Amino acid sequence: MSRTLTELKADNLSFATPESIGMEVGDLNETTRKALLALTEYLKAFIAGNKCPRCGSEIGGIFGSFMWGIANGEGMCANCKYPMRAIHRIKEVGTINNLILAYHPSVLEDK
Ligand SMILES: [Zn+2]
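Under my numbering, the very last position in the sequence shown is 116; numbers go up by exactly one each time.
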């Protein structure tokens, strides 16, 4: 069942975090602490987990539901077109490739 953006916004879905994308956070020095803060802030534009929030399709892995869009690094759920990003350029962290994350509903606008 397809859900509207308004309904998804009301769900208060969990934000992605360094831990939710599989990072192990060890001892931090000043530089890595700054990078981790930047990454944590950046990830608040996405939801935790590897399921499309709208249709529930799995979005990562070989059989995942993801298709590239026109913009570089951007894409969508192949099933319901929910917007996602797979290439992440994060100041102070660098580029993370092939990490498919669905946008958090709070950063999306109704079209
Ligand atoms: Zn979907």
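Think of the CB as a built atom: it goes at the ideal place given N, C-alpha and C, for glycine as much as any other residue. As the structure is a computational prediction, the values presented were derived from the model and not from experiment.
Cβ-heavy atom distance between residue i and ligand 1 below 6 Å?
| i | result |
| --- | --- |
| Asn84 | yes |
| Tyr87 | yes |
| Arg59 | yes |
| Ser19 | no |
| Ser111 | no |
| Ser62 | yes |
Along the chain, where does the beta strand (DSSP E) that runs through residue i open and close?
| i | result |
| --- | --- |
| Arg94 | 93-95 |
Put residue i into one of helix, strand or coil per three-state DSSP.
| i | result |
| --- | --- |
| Leu106 | strand |
Need the endpoints of the alpha helix (DSSP H) that residue i sits in, please.
| i | result |
| --- | --- |
| Glu12 | 10-14 |
Rounded to the nearest angstrom, how far is the Cβ of residue i from that of residue j, given a contact under 8 Å?
| i | j | result |
| --- | --- | --- |
| Leu113 | Pro58 | That belief does not hold up - the Cβ atoms of Leu113 and Pro58 are roughly 10 Å apart, past 8 Å. |
| Val98 | Ala40 | 5 Å |
| Cys82 | Ser111 | Not really, about 18 Å apart at Cβ, beyond 8 Å. |
Practice item. With a floor of 3 residues, list each beta strand (DSSP E) that falls wholly inside the region 28-100, ordered by position along the chain. Key: The beta strand (DSSP E) runs lying completely inside the region 28-100 and spanning 3 residues or more are 79-81, 88-90, 93-95, given in chain order.
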